Amino acid sequence: MKILVMNGSPTVASRTRGIAEYAEKVLKEQGIHVTFFDAGKNKLPLFTGDMSEREHEEVKRLTQLAEEAQGFFICTPEYHSGMSGALKNALDFLSGSHFKNKPAAIAAAAGGGKGGINALNNLRTVLRGLYALVLPDQFVADPLHFNDEQELVEELAVLRVKALVEQLTSLTSTVAFK
Ligand SMILES: Cc1cc2nc3c(=O)[nH]c(=O)nc-3n(C[C@H](O)[C@H](O)[C@H](O)COP(=O)(O)O)c2cc1C
1 MKILVMNGSP
11 TVASRTRGIA
21 EYAEKVLKEQ
31 GIHVTFFDAG
41 KNKLPLFTGD
51 MSEREHEEVK
61 RLTQLAEEAQ
71 GFFICTPEYH
81 SGMSGALKNA
91 LDFLSGSHFK
101 NKPAAIAAAA
111 GGGKGGINAL
121 NNLRTVLRGL
131 YALVLPDQFV
141 ADPLHFNDEQ
151 ELVEELAVLR
161 VKALVEQLTS
171 LTSTVAFK
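Every letter in the sequence shown is one number past the one before it in UniProt numbering, and letter 90, counting from 1, is 90.
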């Protein structure tokens, strides 16, 4: 089973990356083949629809990883009540052929309180447009769930990510190997 983990945050010291890296760790511990796309490090051009963008190294890498993946763990920060522009830009380089009938778990890093839900509703809508099978469950992390190195450390938060990974791998094995 191959799972693509995506960090949708463009920031350098990113809590969203902390969630993505924790999910990557849990998946690897289960012996799953994990690939990783990081919107803050694997810098994509701005999508304009120009065919020359398809030759960009990071665009080629992202489309290949998405093509090969059987499931996705997608993480976004909540910025102004939506997903990050960086993640939306990355998804605009992909299409339904990359996601159709493939499970996706979604998670967000937010500012606290009730933050994160709008970003995940937004991401869920976009992934429906891409025909992904988005899990009903989802996860939001608040700043207090991280240590100073932006690692996800809070006890209940890590359990929630483990549970989400479990649901993702269970559905992916059902769908991909039926
Ligand atoms: C431009 C901007 C807009 C934000 N808007 C929201 C918001 O609407 N809701 C929220 O809960 N947090 C909001 N935040 C806080 C971020 O979600 C929070 O800092 C999160 O950790 C960002 O993820 P990152 O660390 O990966 O960049 C915003 C932060 C920034 C920089």
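The beta-carbon is built from N, C-alpha and C at its ideal position, and this holds for glycine as well. Just so you know, these numbers come straight off a predicted model, no measurement behind them.
Reduced DSSP secondary structure (H/G/I, E/B, other) of residue i
| i | result |
| --- | --- |
| Asn122 | helix |
| Asp38 | strand |
| Ala71 | The sequence as given places Gly at residue 71; Ala does not occur at that position. Correct three-state label for Gly71: strand. |
| Gly82 | strand |
| His145 | helix |
| Leu4 | strand |
| Val12 | coil |
| Leu133 | strand |
Among the options, nearest to residue i - alpha-carbon criterion
| i | options | result |
| --- | --- | --- |
| Ser14 | Lys114, His145, Leu168 and Thr169 | His145 |
| Leu44 | Lys25, Arg17, Lys88 and Tyr79 | Lys88 |
| Glu21 | Met1, Ala66 and Thr76 | Thr76 |
| Ala66 | Leu120, Gly82, Asp137 and Asp38 | Asp38 |
| Lys162 | Ala132, Pro10, Asn147 and Lys28 | Lys28 |
| Leu135 | Ser52, Asn101 and Gln167 | Gln167 |
| residue 181 | Ala119, Tyr131, Met83 and Glu24 | Because the chain is modelled from 1 through 178, residue 181 falls outside the range shown and cannot be assessed. |
For residue i, the residue or residues it bridges with in DSSP
| i | result |
| --- | --- |
| His98 | His98 is not bridged to any residue. |
| Ile117 | None, per the DSSP bridge assignment. |
| Ile106 | Ile74 |
| Val140 | Ala108 |
| His56 | Answer by DSSP bridge pairing: none, since His56 is not bridged. |
Bounding residues of the alpha helix (DSSP H) (the contiguous stretch that carries residue i)
| i | result |
| --- | --- |
| Gln150 | Taken as a continuous stretch (DSSP letters only), Gln150 belongs to no alpha helix (DSSP H), as it is neither H nor E. |
Residue i classed as buried or exposed, judged by whether at least 16 other C-beta atoms fall within 10 angstroms
| i | result |
| --- | --- |
| Val12 | exposed |
| Gly116 | buried |
| Glu78 | buried |
| Leu10 | The question names Leu, but residue 10 is Pro in the sequence shown. So Pro10 counts as buried. |
| Thr16 | buried |
| Phe177 | exposed |
| Arg160 | buried |
| Lys102 | buried |
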